[in-house]
Ligand code: C5P
């Protein structure tokens, strides 16, 4: 499957398609929450971080330097990225026809994504790719600037946070479940460095949209956060 909207329904009025934007720092649980909410509502789901990660992987593969803004923007608009439903219902990310979903989760790729994400040219090149996911019956989009830049007219904007320590712990658990060993103090400093870059970059910094609802998930379960978002959806959608 190509990115939605490339071929079929190009002429729909996208502004009429409801969007739930879920932004927050890495490890806040936004991906898990967004996926669960999309599934409950039968909405499309955009993991915008995966797009930044796949461009990061393409830049590593092609040895495009992290400061080569025009080379990175070219990669962002031309890289052969596809999304395919895998047997277990998950969405697999393909680069040049190869399933790179697992590679994208590597810390090296995440750190590279956060570095290259500081380039305005690259962010612009990814705007259109992200907006194409806005398709009926609705979209749940997770990232850093979903509610502020990509979908400023989203019906519901959530800004999800959690302490850096709990985010590092969750990440260690996630990696362990995948059989990848991880060191908590190394992960904590990676998360803090990534937060610093994401919050402080000049363009599209990670920040809560003025009209967002902030949820601190430090002491909440996934199910509790999902319920909060679905409650909001039942009122606003
Ligand atoms: O969410 P995830 O950790 O997969 O994102 C990887 C990196 O991509 C983030 O640290 C961030 O720098 C960047 N990103 C972004 N804007 C988005 C999504 C991700 O800048 N909407």
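In this note's numbering, the protein residues as written are 3 to 239. Cβ atoms here follow ideal geometry from the backbone N, Cα and C, with glycine treated the same way.
Quick one: measure Cβ to Cβ for residue i and residue j, integer angstroms, because I've assumed they're closer than 8 Å.
i, j, result
"residue 153", "residue 210", "That belief does not hold up - the Cβ atoms of residue 153 and residue 210 are roughly 15 Å apart, past 8 Å."
"residue 141", "residue 45", "6 Å"
"residue 227", "residue 219", "5 Å"
Are the Cβ atoms of residue i and residue j separated by less than 8 Å?
i, j, result
"residue 30", "residue 169", "yes"
"residue 61", "residue 123", "no"
"residue 106", "residue 93", "no"
"residue 134", "residue 206", "no"
Whose C-alpha, out of the options, is nearest the C-alpha of residue i?
i, options, result
"residue 50", "85, 72, 70, 195", "85"
"residue 198", "181, 120, 73", "120"
"residue 194", "18, 27, 14, 19", "27"
"residue 190", "203, 167, 97", "167"
"residue 41", "112, 74, 139, 25", "139"
"residue 20", "233, 159, 187", "159"
Measure the C-alpha to C-alpha separation of residue i and residue j and round it to an integer number of angstroms.
i, j, result
"residue 64", "residue 185", "29 Å"
"residue 236", "residue 23", "15 Å"
"residue 230", "residue 217", "9 Å"
"residue 3", "residue 87", "Residue confidence for residue 3 is low, a pLDDT of 45 falling below 50, so the modelled location carries little weight; the figure read from the coordinates is stated next. So the alpha carbons of these two residues sit roughly 8 Å apart."
"residue 43", "residue 57", "29 Å"
How far does the alpha helix (DSSP H) with residue i in it extend, from its first residue to its last?
i, result
"residue 49", "Looking at the DSSP string, residue 49 is not in any alpha helix (DSSP H); the run it does join, the beta strand (DSSP E), is 46-49."
"residue 103", "103-106"
"residue 182", "From DSSP, residue 182 is part of no alpha helix (DSSP H); its letter is neither H nor E."
I'd like the span of the beta strand (DSSP E) that includes residue i, first residue to last.
i, result
"residue 150", "Unbroken run through residue 150: none, as it is neither H nor E."
"residue 145", "141-145"
Flag residue i as yes if its beta-carbon sits less than 8 Å from any beta-carbon of chain B, otherwise no.
i, result
"residue 72", "Structure shown: chain B not included; a single protein chain is present."
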